[in-house]
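A short worksheet on the structure shown next.
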DNA sequence: TTTATACTTAAGTGAATGCTTAAGTATTGG
DNA sequence: CCAATACTTAAGCATTCACTTAAGTATAAA
């Protein structure tokens, strides 16, 4: 029942930290596929894929839906958006600081002249 | 000499996967600080901070400079930019796919009418 | 020159991670 | 109904991880 919790930045970045999980996201970015179809290009066991999918789903990066005996996996765009936002926020913070430094250096120059 | 290598997406996301390292980035987003100044709010040993800094530096997310006996750490903006770009690329791929689906559904509708 | 500061490096440890194999359970096609 | 398919779940295992303590090395201050 965990997959309905609000996905945390923590879980999202942890999920993105593994190269295999990032490859899963890359594959799913092209089109939704089944669990078995994921396992083939990744060259790992079905069980391993399922374990990765569990993390990807609870982190909110991927959504899956089981119809009959096959589970179809697809990207859940909101997850990646959250990660992108965190990075954007750090960047604006850093840029604002640079602007302040810039301003400071300018006023110092004006004092001298 | 590793810190002059081209930083890989792999190292960057691995670095961002740890909450302590993300907190280091958050602290450094405000202003550059020394290693000891990092250790205080993180509540971990100096040695642990140094280990995190090593990963952050080889991944290209942080740059450090030692003057006298203190090492000053600051954000290296290119690193975060690379991570942001990866996320953006996945998102545009996914969006393009949705557009194609949209187009397909539209042409199907036109066939019927 | 002694002492305090600011790291640095090495070794060790417990827990988490990513994987495997093996033995399930549902679905579906013949 | 029976067998093949598509997962699912559990247990185990080697490795990596984040951390610690302890013993360094430079640099700066007294």
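Chains as they are written, first to last, in this note's numbering: chain X, 2 to 114; chain P, 2 to 114. We put the CB at the ideal spot given by N, CA and C, even for glycine. All figures in this text were calculated on a predicted structure; none of them were measured in a lab.
Chain P residues whose Cβ lies nearer than 7 Å to that of residue i
i, result
"residue 58 of chain X", "Simply none; closest approach about 17 Å."
Bridge partner(s) assigned by DSSP for residue i
i, result
"residue 67 of chain P", "P:72"
"residue 34 of chain X", "X:74"
Span of the alpha helix (DSSP H), counted from its first residue to its last, around residue i
i, result
"residue 10 of chain X", "10–17"
Residue-chain proximity (residue i, chain P), Cβ-Cβ < 7 Å
i, result
"residue 80 of chain X", "no"
"residue 61 of chain X", "no"
"residue 17 of chain X", "yes"
"residue 33 of chain X", "no"
"residue 11 of chain X", "yes"
Interface flag, residue i vs chain X, CB-CB below 7 Å
i, result
"residue 100 of chain P", "no"
"residue 88 of chain P", "yes"
"residue 76 of chain P", "yes"
"residue 40 of chain P", "no"
Residue i versus residue j: straight-line alpha-carbon distance, rounded
i, j, result
"residue 41 of chain X", "residue 49 of chain X", "12 Å"
"residue 2 of chain P", "residue 72 of chain X", "Below a pLDDT of 50, predicted positions are generally treated as unreliable, and residue 2 of chain P, at 35, falls in that range; no measurement from the model is reported."
"residue 66 of chain P", "residue 39 of chain P", "15 Å"
"residue 87 of chain X", "residue 54 of chain P", "20 Å"
"residue 78 of chain P", "residue 45 of chain P", "25 Å"
"residue 37 of chain P", "residue 97 of chain P", "47 Å"
"residue 6 of chain P", "residue 104 of chain P", "Confidence in residue 6 of chain P is poor, its pLDDT being 46 and thus under 50, which makes the residue's placement too unreliable to answer from."
"residue 85 of chain P", "residue 70 of chain P", "34 Å"
"residue 92 of chain P", "residue 81 of chain X", "8 Å"
"residue 34 of chain X", "residue 34 of chain P", "46 Å"
"residue 27 of chain P", "residue 22 of chain X", "25 Å"
"residue 31 of chain P", "residue 14 of chain X", "21 Å"
8 Å Cβ cut-off: residues of chain P touching residue i
i, result
"residue 66 of chain X", "Within 8 Å Cβ-Cβ: nothing; residue 66 of chain X doesn't reach chain P, min ~16 Å."
Chain-ordered chain X contacts of residue i [CB-CB under 7 Å]
i, result
"residue 30 of chain P", "91, 94 and 95"
"residue 84 of chain P", "88"
"residue 23 of chain P", "14"
Closer than 8 Å at the beta carbon, the chain X residues around residue i
i, result
"residue 26 of chain P", "91"
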